[in-house]
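Everything on this sheet refers to the single structure shown next.
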Amino acid sequence: MPYKEKEIEKLYYTIGEVAQMFNVNTSHIRFWSKEFDVIRPATNKKGNRMYTQPDIENFKKIYHLVKEKGFTLKGAKSELKDKKLFKPEFHSEVSEIQLHDNPIEIPIFTSSQADQDAFVNKIALKNSLAKIKSSLMDMQRDLSILEAK
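So the numbering used here is basically just the index in the sequence shown, starting at one, shifted up by 897.
Here you go:
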């Protein structure tokens, strides 16, 4: 009988791991931790911040409002407070990536490791699509210049 490896869900994430999940600098994570009371990282003996899964869920909500929807931190705090989005049962927000007229809907704010990985992949996909869109716009501009000659 072959050995079947179990997927292990981490209890704590370092600030570097959290920053990598959201493709931001560690300074963003530290700043958001100070600004939003719902994120309360534990610290180890060395004083390093250790974030839990609920912290990651709250970061997802903050990231969505600040980076994807363009809210200010004050606006994000207000939105989260007004809609009480920090409740644990909130898991249904959907983000859209628009590339011309073809939206890609990807659910975020999930709790399993597989869903967290999907969120990280979604961010990478969004960044790739933005680069492709920029390249296409550059090509279109170059083509317009050539046609004008």
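Using N, Cα and C, we set each Cβ at its ideal position, and we do this for glycine too.
No experiment lies behind these values; they were computed from the predicted model shown.
Exposed unless 16 or more other CB atoms sit within 10 angstroms - verdict on residue i
{"i": "residue 928", "result": "exposed"}
{"i": "residue 954", "result": "buried"}
{"i": "residue 952", "result": "buried"}
{"i": "residue 973", "result": "buried"}
{"i": "residue 1029", "result": "exposed"}
{"i": "residue 979", "result": "exposed"}
{"i": "residue 1042", "result": "exposed"}
{"i": "residue 1040", "result": "exposed"}
{"i": "residue 1033", "result": "exposed"}
Distance between beta carbons of residue j and residue i, contact taken as under 8 angstroms
{"i": "residue 946", "j": "residue 924", "result": "Not quite, the Cβ-Cβ distance comes to about 12 angstroms (not below 8 angstroms), so this is no contact."}
{"i": "residue 948", "j": "residue 915", "result": "5 angstroms"}
Sub-8 angstroms separation of residue i and residue j beta-carbons
{"i": "residue 932", "j": "residue 970", "result": "yes"}
{"i": "residue 977", "j": "residue 964", "result": "no"}
{"i": "residue 956", "j": "residue 919", "result": "yes"}
Beta bridge counterpart(s) of residue i as assigned by DSSP
{"i": "residue 947", "result": "911 and 939"}
Three-way DSSP call (helix, strand, coil) for residue i in this model
{"i": "residue 969", "result": "coil"}
{"i": "residue 963", "result": "helix"}
{"i": "residue 956", "result": "helix"}
{"i": "residue 934", "result": "coil"}
{"i": "residue 1024", "result": "helix"}
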